[in-house]
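Below: one structure, written as structure tokens.
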Amino acid sequence: MTPLHALLALGRLDGRLTHSPAHTAWSIRARFEGAAIAACNAGVPTDANAIEAWFSGSGAPPRASEGLNDPLGVAAIVHFFLAGLSPKNGGRDREVLRLLGSLLDAEREASTWSNADLVHYGPLWRALLKTAEEPGLEPSLTSISKRLALMARLVTRAADHSAVIATLPDSRTVSFDRDHPRAWLVLALVPTLLQRSGMSANLLPALVPRRKLLCSSAAEWRELLLECLSAQVLLATRTLERLEREIAQSRSRYERTARSRLADAAELCIALPSLTRNKLAIAINATPAGAGYLMRQIER
């Protein structure tokens, strides 16, 4: 795909998403996809389905039991990734943020499962996020690439120390050497940069480049962004089209009334197919018994 075609595909996805009935469902799924890519970039391979099951109440954080030798925990990666997706504007992106926050407190989960990683990566993450949010971005890949190169230099300077030693709240000390992965932190902020530059009106969380190492120059960052757009925008568009079809079928099947929450529950189950009864009750502000009834109606 040529640079022009990649940018046109990005514009079509962004424009279609703005008025899509599947905006909420797609945004939820895209956050899980982006978080899974960030985890793979950090050397902790997982997929969006495992993260979705965790948020839906059907499982523990991915790799929580088997990933004993992982360089860091998936719970910390998901927390940092979602924390970096603060919507520039209000609207449906904030609704998605509130919905996911009601289902699972990612920061608390990270404190439980990956507290050492929060201590280690927190300061650098905050510095990178501050750099990403600074004014001056222009709606061009060149401008975003220069900002990514600046953020990469922050990571490089942070890796100059031979070791970082931190004290945990329980008085234990942990140390981290320069080999700990850090490039994923920069790559995870690409969706935020796309929106803040004006290249997309919506947050597009699935557009995280697949790479484990930092690029060495702004030109290399630009090539990586084009590669990401060429490969992942079309996939994200196909996902949006599939969700639109499923939601259209759901709306024709379930009548939306002021009192009935069946249609709302059905659309949530499209976005979160592993959703448990208790989590559905939280999401739609119903009792567990009421949520169970709705789930039985949907499964018929």
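In this text, residue positions in the sequence shown follow the numbering used here: the first is 1094, and each later residue adds one.
Beta carbons: idealized from backbone N, C-alpha and C, even for Gly.
Q: Apply the 10 Å Cβ neighbour rule to Gln1390 and answer buried if 16 or more other Cβ atoms are within range, or exposed otherwise.
A: exposed
**Q.** Three-pair Cβ contact test at 8 Å for the stretch 1149-1160 versus the stretch 1361-1371
**A.** yes
Q.
Considering only heavy atoms of the ligand ADP, does any lie closer than 7 Å to the CB of Leu1247?
A. Because no ligand of any kind appears in the structure shown, any question about the ligand ADP cannot be addressed here.
(Q) Rounding to the nearest angstrom, what Cα-Cα distance links Leu1211 and Val1283 in this structure? (A) 21 Å
Q. Is the stretch 1288-1295 close to the stretch 1308-1318, with three or more CB pairs under 8 Å?
A. no
Q | Coarse secondary structure for Met1244, derived from DSSP in three states | A | helix
Q | Start-to-end residues for the alpha helix (DSSP H) that takes in Pro1216 | A | 1208-1225
Q) Excluding five sequence neighbours on each side, which residues of the same chain lie with their C-beta closer than 6 Å to the C-beta of Leu1307? A) Ala1245, Ala1276
Q.
Taking the alpha carbon of Ala1311 as the reference point, which residue from Glu1337, Leu1221, Gln1325, Ser1236 has its own alpha carbon closest?
A. Ser1236
Q: Please go through the stretch 1140-1204 and give each complete alpha helix (DSSP H) segment of 4 or more residues, from N-terminal end onward.
A: 1141-1148, 1167-1176, 1185-1196
Q) Is it buried or exposed for Pro1216, if we count other Cβ within 10 angstroms and need 16 for buried? A) exposed
Q.
With distance defined between alpha-carbon atoms, name the residue in Thr1285, Leu1278, Trp1314 nearest to Cys1133.
A. Leu1278
Q.
Helix, strand or coil, according to DSSP, for Arg1354 in the structure here?
A. coil
Q. From this set, Arg1185, Ser1353, Asn1208, Glu1145, which residue's C-alpha is nearest Ala1169's C-alpha?
A. Asn1208
Q.
According to DSSP, is Gly1136 part of a helix, a strand, or is it coil?
A. coil
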